[in-house]
Amino acid sequence: MKSAIEAIQQLGTSNSGCGILNGRIALHDQLEQAVSRLKQVPHTLLFLNAWMAMKGFFESFCHLAVHIPSFEHQRETVVLMDLENHGCITSAVMDASGGHISGQIFSRSPQVRYVPYRHNDPASLAKQLRKHVGPGDRIIVVSDAVFSMEGDIMPLPQIIEAMRPYNHPVLLVDEAHSSGALGNGGGIFPHFGITPAALEAEGIHPVIMSTFSKFAGSAGAAISCFSRSMRDLLLAARPHAGTISIPPATTAAALTSVQLVLQHPEWTTELQKNAGYMRRRLKRAGFDVCGATQVVPVLLPDGCSPKTFARQLLHQHGFWVSPVWYAAKPRLRLVVNRLHSQKDIKELVTAMAATRKSLSGAVEAVE
Ligand SMILES: Cc1ncc(COP(=O)(O)O)c(C=O)c1O
Numbered sequence: 000m001k002s003a004i005e006a007i008q009q010l011g012t013s014n015s016g017c018g019i020l021n022g023r024i025a026l027h028d029q030l031e032q033a034v035s036r037l038k039q040v041p042h043t044l045l046f047l048n049a050w051m052a053m054k055g056f057f058e059s060f061c062h063l064a065v066h067i068p069s070f071e072h073q074r075e076t077v078v079l080m081d082l083e084n085h086g087c088i089t090s091a092v093m094d095a096s097g098g099h100i101s102g103q104i105f106s107r108s109p110q111v112r113y114v115p116y117r118h119n120d121p122a123s124l125a126k127q128l129r130k131h132v133g134p135g136d137r138i139i140v141v142s143d144a145v146f147s148m149e150g151d152i153m154p155l156p157q158i159i160e161a162m163r164p165y166n167h168p169v170l171l172v173d174e175a176h177s178s179g180a181l182g183n184g185g186g187i188f189p190h191f192g193i194t195p196a197a198l199e200a201e202g203i204h205p206v207i208m209s210t211f212s213k214f215a216g217s218a219g220a221a222i223s224c225f226s227r228s229m230r231d232l233l234l235a236a237r238p239h240a241g242t243i244s245i246p247p248a249t250t251a252a253a254l255t256s257v258q259l260v261l262q263h264p265e266w267t268t269e270l271q272k273n274a275g276y277m278r279r280r281l282k283r284a285g286f287d288v289c290g291a292t293q294v295v296p297v298l299l300p301d302g303c304s305p306k307t308f309a310r311q312l313l314h315q316h317g318f319w320v321s322p323v324w325y326a327a328k329p330r331l332r333l334v335v336n337r338l339h340s341q342k343d344i345k346e347l348v349t350a351m352a353a354t355r356k357s358l359s360g361a362v363e364a365v366e
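Numbering that gives the first Met the number 0 numbers the first residue of the sequence shown as 0 and each following residue consecutively.
Below, the structure is given as structure tokens:
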């Protein structure tokens, strides 16, 4: 918070313009460099949020490329997407794949086709690649690193294995819930002991999308990649070039958080320890918990409304959990952090069991 206040005092509340005109400040350079260090990927560009970053990436990668020397392509792009990917990915891919905007503005662009594969299923990805990729196609595989509604982790090594037979595919990962949470803070790649540079060297091109709205207590997003031309291309993407840059206070807050994550790799271990404790307590209390991370989805018994459950938990016990009844199977979505104590977690589970009992009349036994 201190750095955010200082940024407002020095630079005001807004940059009053987009990054390629008057809206670029030194803090943007510093944040991009810090994200590149965290991700071990040399080039990073900031966007206002994940939706803009994804839209900017797909729009420029699939369509703008024809206008930029050294990044020209006349080939079709095939986008392979996990069925449970976040909406920002689906929406960006839909727009890029024959959306009327692209058709009108980028009339010379080659086609973009999208193909879903089954959730976290590398065999399904391999099958879809065999079936849908033609000679000369450009390939992008895109996946959440930690799935926002399932709380599970993408099987990165097996996804990479499925991509190996192909010519220079791009692997785009959405690290909204894995940055600062897995792999000593670095996310999905260090979690599996894979270096992005090694992947790049073998001809599979990693592109990483980070957001600052989760681990960094701020807002904004970034795309990190190995190709300088790809970063230059992203500069021209409309969601970057055509809107305000991240304001000073928000940038400063994100920068401080990334620096803290870089300084404290042990925080990730503490966070996942808390997540494991919460998962164990919930399971012991008979809750149906899925996933494997700090995102802890709880499926309720049939007929038990998440909204009613969450409302009662808040009003009678003072605990807020997110009810989900739209865009995913109904559930409660709990997100544990590093600062929650075991006492907090125990009290939450006891309150959840009491709520379930009062709503269902079932006999509960929580230690
Ligand atoms: C996997 C995933 N990607 C992207 C986002 C959106 O991030 P932002 O807040 O930067 O738009 C979210 C947040 O809900 C998310 O869960």
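Glycine residues also receive a C-beta, built at the ideal position from the N, C-alpha and C atoms.
Which term fits residue i, buried or exposed, when burial requires 16 or more other beta carbons within 10 angstroms of its beta carbon?
i, result
"A236", "buried"
"M351", "buried"
"G184", "buried"
"R283", "exposed"
"G317", "exposed"
"K1", "exposed"
"A6", "buried"
"I243", "exposed"
"T307", "exposed"
"E160", "exposed"
"Q341", "exposed"
"K328", "exposed"
"N14", "buried"
"W266", "buried"
"G179", "buried"
"R310", "exposed"
Using a threshold of 7 angstroms, is the CB atom of residue i nearer than that to any non-hydrogen atom of ligand 1?
i, result
"N48", "yes"
"A274", "no"
"T210", "yes"
"D151", "no"
"D231", "no"
"A220", "yes"
"S147", "yes"
"C289", "no"
"D143", "yes"
"H118", "no"
"D173", "yes"
"H239", "no"
"C87", "yes"
"H176", "yes"
Start and end of the alpha helix (DSSP H) containing residue i?
i, result
"S123", "121–131"
"S2", "1–10"
"L155", "155–162"
"L181", "That residue, L181, is in no alpha helix (DSSP H); it is neither H nor E in DSSP."
"P305", "305–316"
"S59", "49–61"
Considering only DSSP beta bridges, list what residue i is partnered with.
i, result
"P41", "The partner list for P41 (beta bridge, DSSP) is empty, contrary to what the question assumes."
"I222", "L44, M208"
"P322", "L331"
"V113", "It should be pointed out that residue 113 corresponds to Tyr in this sequence rather than to Val. In DSSP, Y113 forms a bridge with V78."
"S142", "V172"
"D287", "L298"
"I19", "I19 pairs with nothing; no bridge assigned."
Can you name the start and end residues of the beta strand (DSSP E) that residue i belongs to?
i, result
"P205", "204–210"
"M351", "Looking at the DSSP string, M351 is not in any beta strand (DSSP E); the run it does join, the alpha helix (DSSP H), is 341–359."
"P238", "That residue, P238, is in no beta strand (DSSP E); its alpha helix (DSSP H) goes 237–240."
"V297", "294–298"
Run the proximity test for residue i: is its beta-carbon closer than 7 angstroms to any non-hydrogen atom belonging to ligand 3?
i, result
"Y113", "Ligand 3 is absent from the structure shown, which contains only ligand 1."
Worksheet item: For the stretch 271–282 against the stretch 87–97, are there 3 or more C-beta pairs whose distance is under 8 angstroms?
Response: Taking a cut-off of 8 angstroms for Cβ pairs, the stretch 271–282 and the stretch 87–97 do not touch, as fewer than three such pairs fall below it.
Worksheet item: For the stretch 40–47 against the stretch 225–245, are there 3 or more C-beta pairs whose distance is under 8 angstroms?
Response: yes
Worksheet item: Okay, do the stretch 163–171 and the stretch 209–218 touch, 3+ Cβ pairs below 8 angstroms being the bar?
Response: Contact fails: fewer than three Cβ-Cβ distances are below 8 angstroms.
Worksheet entry | Given 8 angstroms, three or more beta-carbon pairs between the stretch 26–37 and the stretch 257–266 | yes
Worksheet item: Is the number of C-beta pairs between the stretch 212–220 and the stretch 244–259 that are closer than 8 angstroms three or more?
Response: yes
Worksheet item: Contact between the stretch 15–23 and the stretch 189–202: three or more CB pairs below 8 angstroms?
Response: no
Worksheet item: Taking contact to mean at least 3 C-beta pairs separated by less than 8 angstroms, is the stretch 285–293 in contact with the stretch 140–156?
Response: The stretch 285–293 vs the stretch 140–156: in contact.
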